[in-house]
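*Asks:*
Residue numbers (my numbering): 389 to 634.
(1) Given a threshold of 16 other Cβ atoms within 10 Å of its Cβ, counted over all protein chains shown, does residue 547 qualify as buried or as exposed?
(2) Do residue 469 and residue 489 come within 8 Å of each other at the CB atom, strictly closer than that value?
(3) Between 568, 629, 486, 575, which lies nearest to residue 558 when the distance is taken from Cα to Cα?
(4) What would DSSP say about residue 499, mapped onto helix, strand or coil?
(5) Under 8 Å: do the segment 589-603 and the segment 558-567 share three or more Cβ pairs, one atom per stretch?
(6) Just the Cα atoms here: how many angstroms apart are residue 555 and residue 426?
(7) Check whether the Cβ atoms of residue 505 and residue 528 sit closer than 8 Å, and answer yes or no.
(8) Any idea what DSSP makes of residue 581, helix, strand or coil?
(9) Which class does residue 526 belong to by DSSP, given the choice of helix, strand or coil?
(10) Please tell me whether residue 479 and residue 553 are closer than 8 Å, where the distance is taken between their beta carbons.
(11) If distances are taken between C-alpha atoms only, which option among 418, 412, 512 comes closest to residue 622?
(12) Tell me whether the beta-carbon of residue 476 lies closer than 8 Å to the beta-carbon of residue 494.
(13) Could you round the C-beta distance between residue 498 and residue 585 to whole angstroms and report it? I think they count as a contact, below 8 Å.
(14) Mark residue 403 as exposed unless 16 or more other C-beta atoms lie within 10 angstroms of its C-beta, in which case mark it buried.
(15) At what residue ranges does the segment 424-477 contain a whole run of the alpha helix (DSSP H), taking only runs of 4 or more?
(16) Looking at C-alpha atoms only, which residue of 540, 578, 423 is the closest neighbour of residue 605?
(17) Spell out the partners DSSP gives residue 554 in its beta bridges.
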């Protein structure tokens, strides 16, 4: 209860300090385009309905089992934003770190069925459930890799030449999250985007977010409260950090 109340208070603070959701007052052309063309894109794409039907199914099953596995499930608008980011960004490859049963992966994968996605799932049990979900949705571009992130992430990064888009959806202490981030940065390039979920979930996640904003390779960040977007654009000579109402 205390944690939920703290989240509400943090969100209220975010809401009243964030920049206008329509892009007014944002002087960065890149951020303005991202806000107006992606964050404000209210279209309902073809794959949303089957994934949202699956969400209802998962929630029903979770209530019956009284499991807390869905505590990190995001609101549909954030999952759908991931789809729209892929649709807009057109990455050649996607890496997802964290639970694969929370619908982040289906939204990322369904935006372009020709884009390979590595889904690193720490839980062997969740990996089985996630694989069944991917089959149900007809998603064939996902390579599900169960097991320890500390073991599997270096293996995946060793197979790729560059990282275009990554989503980190794990709850760790600040040092653990920074370690994962720095591994991803090794394969990042000026056109890369790294998305971090639940950046205001607790003090450790917030501490990690503040350190990431200061990272020497990072030139631009967007704080959407539940998601943090990190960019490495060379065009940003001066580091910029935006808080955008979403």
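Beta carbons: idealized from backbone N, C-alpha and C, even for Gly.
*Replies:* Short version:
(1) Looking up residue 547 in the chain shown gives position 159. Looking at its Cβ environment, which holds fewer than 16 other Cβ atoms inside 10 Å, residue 547 is exposed.
(2) As a first step, residue 489 is located in the chain shown; it is residue number 101 there, counting from the start. As a first step, residue 469 is located in the chain shown; it is residue number 81 there, counting from the start. No, the pair does not count as a contact, with Cβ atoms beyond the cut-off.
(3) Locating residue 558 in the chain shown gives position 170, where the first residue counts as 1. For residue 558, the nearest C-alpha among the options comes from 486.
(4) For the purposes of this step, residue 499 is taken as the residue at position 111 of the chain shown. Of the three classes helix, strand and coil, the one that applies to residue 499 here is coil, per DSSP.
(5) yes
(6) Mapped onto the chain shown, residue 555 falls at position 167. Mapped onto the chain shown, residue 426 falls at position 38. Whole-angstrom Cα-Cα distance: 17 Å.
(7) Within the chain shown, the letter at position 117 stands for residue 505. Within the chain shown, the letter at position 140 stands for residue 528. Contact: no.
(8) Reading the chain shown from its first residue, position 193 is the one you call residue 581. Residue state, collapsed to three classes: strand.
(9) Here residue 526 refers to the residue found at position 138 when the chain shown is read from its first residue. It is coil, neither helix nor strand.
(10) Taking the first residue of the chain shown as 1, we reach residue 479 at position 91. Taking the first residue of the chain shown as 1, we reach residue 553 at position 165. For residue 479 and residue 553, yes; Cβs fall inside 8 Å.
(11) Translated into positions along the chain shown, residue 622 becomes position 234. Taking only the C-alpha atoms, the option nearest residue 622 is 418.
(12) For the purposes of this step, residue 476 is taken as residue 88 along the chain shown, with counting starting at 1. For the purposes of this step, residue 494 is taken as residue 106 along the chain shown, with counting starting at 1. No. Outside cutoff.
(13) Taking the first residue of the chain shown as position 1, residue 498 is located at position 110. Taking the first residue of the chain shown as position 1, residue 585 is located at position 197. With 8 Å as the limit, residue 498 and residue 585 do not qualify as a contact, their Cβ atoms being about 18 Å apart.
(14) The residue labelled residue 403 in the question sits at position 15 within the chain shown. So residue 403 ends up on the exposed side.
(15) 436-453, 464-477
(16) The count along the chain shown starts at 1 and reaches residue 605 at position 217. Closest option to residue 605, Cα to Cα, is 578.
(17) Taking the first residue of the chain shown as position 1, residue 554 is located at position 166. Partner(s): 483, 582.
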